[in-house]
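Protein chains in written order, with the numbering used here: chain Y, 227 to 437; chain B, 4 to 239. Structure first, then comments.
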Amino acid sequence: MARKLEFKFSGDAFTCVINKVDRTKIYGRVNTVTYDANDKKCDLATLARDGRTIIPFGGTASGYVNTEGLWIDRDELVPIDRDGEKIPEVPSSFSAPTVLDEMVDVETFLDHPIRLAYHLISDEETTISSALMEKLKAGGIYQFPFSYRGGIYFDPAFLMLGEDDTLWMLIGHKSDIEYLGFEQAAICAARAEEETEDADEETDAFDFDML
Amino acid sequence: MPNINLSDARLRDAVVKAESTRRRRTVFYQGPKGLPAYTRKILKGAVHQDYDSMLEKFKTNEALGEALVAGDPEIDFERDGMFLWDLSRVYINPKEELVYRIRQEEVVYNPDGSERERREQRRLEANVDDEVPLTWTGKMIDKQEAVRRYVFATKLQIVHINGLTYDFLFSMAKELHEAKSLMILGAGPKGRSPLIFRSRSTPYRAFLEGRVKGDKYILLMHLSNLEMKLPDEADE
């Protein structure tokens, strides 16, 4: 069943049902089927490094271990950042209303790669305020933090209208985009030089004169 | 950082770089006593422990069921739970043997799940650093209109690699900045093909955006493979 998300705009609350839209639902999908020389259908599997242990799909799992290789239960793990500071947990966006109070320009929106698109349908019991619809129809884009299940961070999300005036929520990533000046070429060149030096070091280990 | 062979409005072309813009989050995990925790891949079970192999060994479901109640024939105490690394992807046949020669076929499904066609696998080759540069089509689309029509899943920032390409890209960005629009970018001789960055990777429609501040610029390539539209009702 599709989940409902509650929004608040200038004191007016409204609820929307969210429906994920992806390529499969619009264009269909392409599956690759593999056959052996006898035209028998094959499955993808994993071969361990011993060269003989064949592991079927679902035959591996991931877990956390300490420095001694001992298993750590998931509830004992503490997420930390690069400085060793504990990362506070964030609640699911379904647990409380999302306030729409940050309007962003189209460039800010364009700075974010979008990983998920949801079509929103206003719940029968509530209606979207006319003031909000007016702003959205004028091209307004609202940004807010979103987390589906809760966890260690929010993703940037955007509320806007599509070309046919349907309501959409787009979930993105943060990105690093910066203005580049002429001097940045030097940085690029330096990076390239570093890469070349690394490559040289590797090449030095294989002295071609020896061949 | 892939190379991009790009042409401008005057049909001058140059090879420049495209950088990923995605900001990676750095999250580490600490275990008890504040000690670092590391992820490890472990073995849950190999093919000789799955249902088909067990059935082959015990002949009937009843015999297998009895064996499972009496002991743990599905567990390999020597190997289950061992750490895995240096893994390879392989194909196995229905007898769960390694296969060395394969043939692949694509099955195309409609949005409603029905099969549309079967065809030999297409091998899409990369075309962004080809002899034919990506074409400056001159077809502009207003930014407001574009964001309401396409879902831009990926962004690449086009960067210069020397003084000449700085001038080249800056003038492109300036032209697009003044147009306040995105320009449709295409591959191939006619500039109509989608962009493919690596062999057999997802083809994308590309849109170029330019921003200028003083003598600095941003040239962004927005990539999309999804329109912002609803599925047909019949398919929903």
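By construction, the Cβ of each residue, glycine as well, lies at the ideal position given by its N, Cα and C atoms. From a predicted model like this one, the values you see are computed outputs, not experimental measurements.
- Taking C-beta atoms under 8 Å as the contact rule, residue 143/B and residue 190/B fail to qualify, at a distance of about 18 Å.
- Residue pairing from DSSP places residue 19/B in a beta bridge opposite 7/B.
- Here residue 153/B is buried. Its C-beta has 16 or more other C-beta atoms within 10 Å.
- Where residue 174/B is concerned, the enclosing alpha helix (DSSP H) starts and stops at 166 to 182.
- Residues of the segment 86 to 105 of chain B with a C-beta atom less than 8 Å from some C-beta of chain Y are 86, 87, 88, 89, 90, 91, 92, 93, 94, 95, 96, 97, 99, 101, 102, 104, 105, listed in chain order.
- In the structure shown, residue 131/B adopts coil according to DSSP, grouped into three states.
- In the DSSP assignment, residue 107/B falls within the beta strand (DSSP E) that extends over 106 to 112.
- Contact check for residue 317/Y against residue 376/Y passes: the beta carbons are separated by less than 8 Å.
- DSSP places residue 305/Y in the strand class (E or B) of the three-state scheme.
- Residue nearest to residue 186/B within the set 50/B, 145/B, 202/B is 145/B (criterion: CA-CA distance).
- The three-state secondary structure of residue 123/B, taken from DSSP, is strand.
- Bounds of the beta strand (DSSP E) holding residue 212/B are 208 to 216.
- In the three-state scheme derived from DSSP, where H, G and I count as helix and E and B as strand, residue 358/Y is classed as helix.
- Annotation: residue 316/Y is outside any beta strand (DSSP E) and is labelled neither H nor E by DSSP.
- For residue 261/Y, there is no enclosing alpha helix (DSSP H); the residue is found in the beta strand (DSSP E) stretching over 255 to 261.
- Residue pairing for residue 51/B: DSSP places it in no beta bridge.
- Within chain Y, no C-beta atom comes nearer than 8 Å to that of residue 142/B; the closest sits roughly 17 Å away.
- Sequence-distant partners of residue 50/B (beyond 5 residues in either direction) whose C-beta falls short of 8 Å from its own C-beta, in its chain, are 56, 95, 99.
- With a cut-off of 8 Å on Cβ pairs, the segment 78 to 94 of chain B is in contact with the segment 274 to 285 of chain Y, counting three or more such pairs.
- Between residue 394/Y and residue 346/Y, the C-beta gap is smaller than 8 Å, which places the two residues in contact.
- Excluding five sequence positions before and after residue 105/B, the CB atoms of its chain that fall closer than 8 Å to its own CB belong to 94, given in chain order.
- A direct Cα-to-Cα measurement between residue 344/Y and residue 392/Y gives close to 11 Å.
- Residues of the segment 360 to 372 of chain Y with a Cβ closer than 8 Å to any Cβ of chain B, in chain order: 365, 367.
- DSSP places residue 292/Y in no alpha helix (DSSP H); its state is neither H nor E.
- Beyond the five residues adjoining it in sequence on each side, residue 173/B comes within less than 6 Å, by CB distance, of 220 in the same chain, given in chain order.
- Bridge pairing for residue 245/Y: 345/Y [DSSP].
- With three or more CB-CB distances shorter than 8 Å, the segment 189 to 208 of chain B counts as touching the segment 130 to 138 of chain B.
- Listed along the chain, the chain B residues whose CB falls inside 8 Å of the CB of residue 402/Y are 24, 25, 26.
- A check of alpha carbon separations from residue 112/B across 229/Y, 244/Y, 250/Y identifies 250/Y as the nearest.
- Within the segment 351 to 402 of chain Y, the runs of beta strand (DSSP E) that reach at least 3 residues and sit entirely inside it are, in chain order, 367 to 372, 381 to 387, 393 to 398.
- As DSSP reads the structure, residue 225/B sits in a beta bridge with 158/B, 210/B.
- By the neighbour-count criterion, in which 16 or more other beta carbons inside 10 Å mark a residue as buried, residue 333/Y falls on the exposed side.
- A Cβ-Cβ distance of about 6 Å is found for the pair residue 19/B and residue 163/B, placing them in contact under the 8 Å criterion.
- Exposed is the label assigned to residue 71/B, since fewer than 16 other Cβ atoms lie within 10 Å of its Cβ.
- Proximity of the segment 242 to 260 of chain Y to the segment 215 to 234 of chain B meets the contact definition, three or more beta-carbon pairs being nearer than 8 Å.
- Assignment of beta-bridge partners to residue 25/B by DSSP yields 401/Y.
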